[in-house]
Each structure stands twice: as C-alpha cells, then as structure tokens.
Amino acid sequence: MTFPRLETPILGVCALLAACSTTGTGAPSTATGGTSAGWTSDATATAATGPSSTTTGEGTTGSSSATTDPTTGTVTGTAGTAGGSSGAPPKFDLGKMPDAPPPDDCLACSISIASKQSGALEILGNEVFGTAELMNEIVYALGTSGSGRFIASADSSLPFNEVSDCPIVEWLAGTGASPKVLTFGWGPQDGPKQFSLPQETVAGIHLPAQYVGDPAQLAADFDIVVYMEGSGQFDQGDQPTDAEMQTVVDYVVSHGGGLYVVSEFYGYMNDADLESVNRIMEPLGVRALAVNLNWGNVAGNIDFTCFPNPAG
275 MTFPRLETPI
285 LGVCALLAAC
295 STTGTGAPST
305 ATGGTSAGWT
315 SDATATAATG
325 PSSTTTGEGT
335 TGSSSATTDP
345 TTGTVTGTAG
355 TAGGSSGAPP
365 KFDLGKMPDA
375 PPPDDCLACS
385 ISIASKQSGA
395 LEILGNEVFG
405 TAELMNEIVY
415 ALGTSGSGRF
425 IASADSSLPF
435 NEVSDCPIVE
445 WLAGTGASPK
455 VLTFGWGPQD
465 GPKQFSLPQE
475 TVAGIHLPAQ
485 YVGDPAQLAA
495 DFDIVVYMEG
505 SGQFDQGDQP
515 TDAEMQTVVD
525 YVVSHGGGLY
535 VVSEFYGYMN
545 DADLESVNRI
555 MEPLGVRALA
565 VNLNWGNVAG
575 NIDFTCFPNP
585 AG
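Take a look at the structure:
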C-alpha cells in the first residue's frame, strides 16, 4: 500500500502586526498585510476554513493565550474532515518556547498556519526559538545552530509558500532578496513539490558529489539548502549517505548556511525515512516523530514579539 501526498498545498502562511483572517477563502497570497515569502509557487494554495486561534510569544519563553475547545480533542478523520464531535477543527497553539537567549535584534511579526495532514517534531535542545503546535504536537520549528539558521517542518507543503511580514527567507538565507537555493532529497515519485524558486537547483535524492565533505563550497554556492526526506515506498532504500548529511549539518553549524529540513506524516514516511531525516534534524536539536496528524482543515496564528532581524 502506498500513501500519496495530497495534491494541493496544505500549509500556507499569512501574517500581520494587527489582525489576519485565517478563515478566508482563496490562496494565502491574498491575505492583507503580508507578502509572499516564496516568490512564486507552481501550485495554487488553498486557504483552510474553520476557527483559528491567536497566540503570543516572546520568541524565547512564549505563552499561549489560546484555548482548545473540548469538542475538538480528537485528532482523527480524513483530510478535509476535522476530528471532534462538533465538526470544528482542532486549533494550533504556540507552545512554550525552549529556554534559549533572545536574539540581539528582533522584529514583531506573525505567521498564520493552515494545514490538513502532518507529522510531528520533538524539540531536543535550546536551538529552537519558535514552534507551532497542534493538539500538543509540534509541527513547525525555527531555530539557530552554530553560525547558521534552520526551519524544520513536519509537512512538505510549507516551504516557500508562506505569506508573512516576518522576513523568513531573508533570515534563513542570511542575505537579501533572491537567494541561491539547492533542493535535494525527493525522488521523481515524491510530491508534488509545491514551490518553485527563481534561483533553485534541484538535485534529486543525493547531494551533488562536488559538495560532499566540502560544506564551505556548499555555503559559497548556495544561501539556502532544502532537504526533503523522500518516502521509502518510492526510493527502494536509496537515501543520502552519512557523509552527505554531515556535510549539510556542517554547512549550517560551521559555515552559516540556511537550511529548510522537511519530514512528513508517518505512513508517507517509514521508520527508515525518519532515521534518515533525523541524521540532519537531531544535530540541530529537533527530532521527527512517527506520528500521523490527519485532522482536516485547521488554522491558527503564531505572533512573534521577537523574530530575528536579518539586519541585526
């Protein structure tokens, strides 16, 4: 049995300093007050419907002001149908942030997330400064490690589909506009990939050979690396080597690179896939878990009072 990815983007982001509707219709790029962090997309994002929750956080010790409706306490159902006896979707909450020092310079901004199905993440250390949760399961995390930056997602529909007043791409790249991006990990049967970037090199399952063991050259050529773990149901066990994965970790930690590392829901991922992606995630303080959150349409906000300023 195979577990296909959904055909439409299921995780979009909108943001603003005052208010942003997460129950609206149309693609997330129509949200007021935000701009697309992903330049262009090769698929039209679909905004989720249903109630949303708004939370606030300091970026380091954030606290949730949202409450969870007791009728939404069941993470069950098929995509497009939320769990719970009322039919209302469960709500995203901003989890308590790890006890990490705040960035030296930061911005107030927000991210709104809408999703249908995801895996889950565990935070292992102090590298992460922002997370989004669903039913007490973390699905999205931003952090810094060594001299570099990373975003970890348990949903492959997230990368570069954000609409936000947080300077996500600029922060992740450590540069200005139009960063150079290398994407690898997925094979031809994974997907569909739901982003398309103007300066993107797509390498397939493996890191190009010239960069293996040479993270300095990787950092010289690319501002952002996107690693998307492929599904074992398609790749017949063909995964990046340990040397490839260590190169990516060193690219972040020792050479100031920006990494977007992506897992998926358990079922699309098998145990070997989770072990594979965790070769990158765990050294950065995150772990992908064997969880399948299949809740239907959900939406919510993450409000940062201290998002790192790329100019800081």
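Just so we're aligned: 513 in our numbering is position 239 of the sequence shown, and the numbers increase by one with no gaps anywhere. Ideal Cβ placement from N, Cα and C applies to all residues, glycine included. Quick caveat: nothing in here was measured; it's all calculated off a predicted structure.
Item: In chain order, which continuous runs of the beta strand (DSSP E) of length 3 or greater are located wholly inside the segment 486-557?; Value: 498-502, 532-536
Item: Which residue comes first and which comes last in the beta strand (DSSP E) that contains I479?; Value: That residue, I479, is in no beta strand (DSSP E); it is neither H nor E in DSSP.
Item: Please confirm if the segment 511-520 is in contact with the segment 411-430, defined as three or more CB-CB distances below 8 Å between the two stretches.; Value: no
Item: If I follow the unbroken beta strand (DSSP E) through E411, where does it start and stop?; Value: 411-419
Item: Are at least three pairs of beta-carbons, each pair with one atom in the segment 534-554 and one in the segment 396-409, less than 8 Å apart?; Value: no
Item: With DSSP collapsed to three states, give me the class of L446.; Value: helix
Item: Span of the beta strand (DSSP E) holding L408?; Value: 402-408
Item: Let me make sure I understand the geometry here. Which of W460, H480, I385 has the alpha-carbon closest to that of E436?; Value: I385
Item: By the three-class DSSP mapping on this structure, what secondary structure does S431 have?; Value: coil
Item: Is the number of C-beta pairs between the segment 540-549 and the segment 499-516 that are closer than 8 Å three or more?; Value: yes
Item: What whole-angstrom Cβ distance do S430 and V536 have, given they're in contact under 8 Å?; Value: 5 Å
Item: Find out if the Cβ-Cβ distance for the pair L563, E407 is shorter than 9 Å.; Value: no
Item: Residues in its own chain within less than 6 Å of N568 by CB, not counting five upstream and five downstream?; Value: Q391
Item: Distance, Cα to Cα, E474 vs Y501?; Value: 13 Å
Item: Quick check on this structure: which residue in G461, V443, F458 has the alpha carbon closest to the alpha carbon of A451?; Value: V443
Item: Around the C-beta of A394, are 16 or more other C-beta atoms found within 10 angstroms, so that it is buried, or is it exposed?; Value: buried
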